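Engineer: Quick one: structure below, then a few questions.
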Amino acid sequence: MSYSVTFNNKTYPLPRCTMEIEEMVEDILEKNKEVASGTAKKRELVQMMIDFAEHCIGAENAQKALEYTSIEDIDTKEVEYLCSKIMDAYKGRYMKEKVADLRKMTADINGAMSMSNLKAIATLSAQK
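The numbering used here puts the sequence shown at residues 23 to 150.
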C-alpha cells in the first residue's frame with residue numbers, strides 16, 4: 023500500500039505505516055495531552071512533530087515545506103497542520119474501507135427490508 027500527503031500544493035510520498043510510525047503518532051498524541059494538562063512544554067511537542075514530519079517526508083522536504091531552519095523559527099501551527107495531514111493520510115484508506123463496509127451493510131439491510139421482500143414474508147406468514 024502506498025501513502026502520500028499533500029501540503030502547500032506539493033505531494034510527498036510517505037513511508038509504509040510501520041510500528042515505528044504508529045508509536046511516533048501515539049507519542050505525539052500523548053504529549054499533546056500532557057501539554058494540554060500543563061505537565062509538558064509545547065517545545066517538546068513541537069520537536070516531536072518536527073521529528074515526525076522529517077521522518078515521514080524527509081528532513082529536507084520538511085524544512086522546505088515548513089520554511090524553517092530550527093525549532094526557533096518554525097511556525098508551530100504549520101507543523102501541527104502538516105503532522106495532522108500525515109496522520110490523516112495513514113488513516114485514510116482504513117476509514118474509506120470502513121465507510122464502504124457500512125454502506126454495503128446499509129444496502130443489504132435496505133434490500134432485505136424492501137417492499138417486495140416484506141410482501142413475500144407477509145404472504146408466507148398468512149399461509150401458515
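Glycine included, C-beta positions come from ideal geometry on N, C-alpha and C. As the structure is a prediction and not an experimental result, all values here were calculated from the model.
Helix, strand or coil: how does DSSP classify S147 here?
Structural biologist: On the sequence shown, residue 147 is found 125 positions in, with the first residue counted as 1. If DSSP states are grouped into helix, strand and coil, S147 belongs with the helices.
Engineer: If I measure Cβ to Cβ from D49 and keep anything under 7 Å in the same chain, skipping five residues before and after, which residues do I get?
Structural biologist: If you number the sequence shown from 1, residue 49 lands on position 27. Cβ within range, chain order: M70.
Engineer: Are the beta-carbon atoms of N54 and L36 separated by less than 9 Å?
Structural biologist: Counting from 1 along the sequence shown, the entry for residue 54 is found at position 32. Counting from 1 along the sequence shown, the entry for residue 36 is found at position 14. Cβ atoms of N54 and L36: not closer than 9 Å.
Engineer: Quick one, which of I108, V57 and S92 has its alpha-carbon nearest H77's?
Structural biologist: The residue given as residue 77 occupies position 55 in the sequence shown. Of I108, V57 and S92, the residue nearest in Cα terms is I108.
Engineer: Need the endpoints of the alpha helix (DSSP H) that K32 sits in, please.
Structural biologist: In the sequence shown, the residue the question calls residue 32 occupies position 10. No alpha helix (DSSP H) holds K32; the beta strand (DSSP E) holding it covers K32 to L36.
Engineer: If you drop the 5 nearest sequence neighbours on each side, which residues of the same chain put their C-beta closer than 8 Å to that of K32?
Structural biologist: Looking up residue 32 in the sequence shown gives position 10. So the list reads A87, once near-sequence residues are dropped.
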